Amino acid sequence: MLKHCFIYILPLLLLIGGSLGATPIIEQPRETVVEKTNLVQPEEISISVTSSDLVLDLKTCATEVAIFDITGRAVFKTSRLVAGQLFIARERLPQAPALLLIRIVYEGGVVKTYKVRL
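Position one of the sequence shown corresponds to residue 180 (the numbering used here), numbered consecutively onward.
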């Protein structure tokens, strides 16, 4: 019986950091930083935000580019892009401050997702 109580109480003490002087096992990040996910080579794309446009500079051909808002609603979608710059007017995007997910499908089916804060 005592063994079972010890199994349940010890993890609680460790999480609380009680009188044992233990530190919490799980630490939450203090600040979320906008980052690229599924990192690609830096020369494949560059994303910049200007006062009037969102600019995607594609170095390779893409079969689809889709931009989603934080709720998952597609705010922009296009297909069959050649290498070059794609300008998207800020009027077509959600009001700032906003977090956008940009999904690019490259030839060969490679999918890359980027997070961009307006």
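Idealized CB from N, CA, C, for every residue including glycine.
Model, not experiment: these values are computed from the prediction.
Apply the 10 Å Cβ neighbour rule to residue i and answer buried if 16 or more other Cβ atoms are within range, or exposed otherwise.
| i | result |
| --- | --- |
| Leu297 | exposed |
| Ile281 | buried |
| Ile224 | buried |
| Ile249 | exposed |
Using only CA atoms, which one of the options lies nearest to residue i?
| i | options | result |
| --- | --- | --- |
| Leu235 | Gln264, Pro273, Lys291, Val290 | Gln264 |
| Thr239 | Arg269, Arg282, Gln274, Val261 | Val261 |
| Ala277 | Thr257, Leu233, Ser225 | Leu233 |
| Leu231 | Ile249, Ala275, Leu237, Thr250 | Checking the sequence shown, residue 231 turns out to be Ser, not Leu. Taking only the C-alpha atoms, the option nearest Ser231 is Ala275. |
Near residue i, what residues of its chain come up, given a Cβ to Cβ distance below 8 Å and the 5 sequence neighbours on each side ignored?
| i | result |
| --- | --- |
| Phe255 | Val244, Ala245, Ile246, Ile267, Arg271, Leu272 |
| Ala253 | Ala245, Ile246, Phe247 |
By Cβ distance, which residues of its chain are closer than 7 Å to residue i, with the 5 residues on each side in sequence left out?
| i | result |
| --- | --- |
| Arg259 | Thr242 |
Can you tell me the Cβ-Cβ gap for residue i and residue j, rounded? I've got them flagged as a contact below 8 Å.
| i | j | result |
| --- | --- | --- |
| Ile226 | Tyr285 | Contact doesn't hold; Cβ gap of about 15 Å is too wide. |
Quick one: residues in its chain with C-beta nearer than 6 Å to the C-beta of residue i, no 5 flanking neighbours on either side, listed in chain order?
| i | result |
| --- | --- |
| Leu279 | Ile246, Val295 |
(message) I'd like the ranges of any alpha helix (DSSP H) spanning at least 4 consecutive residues and lying wholly in the region 227-285.
(response) DSSP runs (the alpha helix (DSSP H)) wholly in the region 227-285: none.
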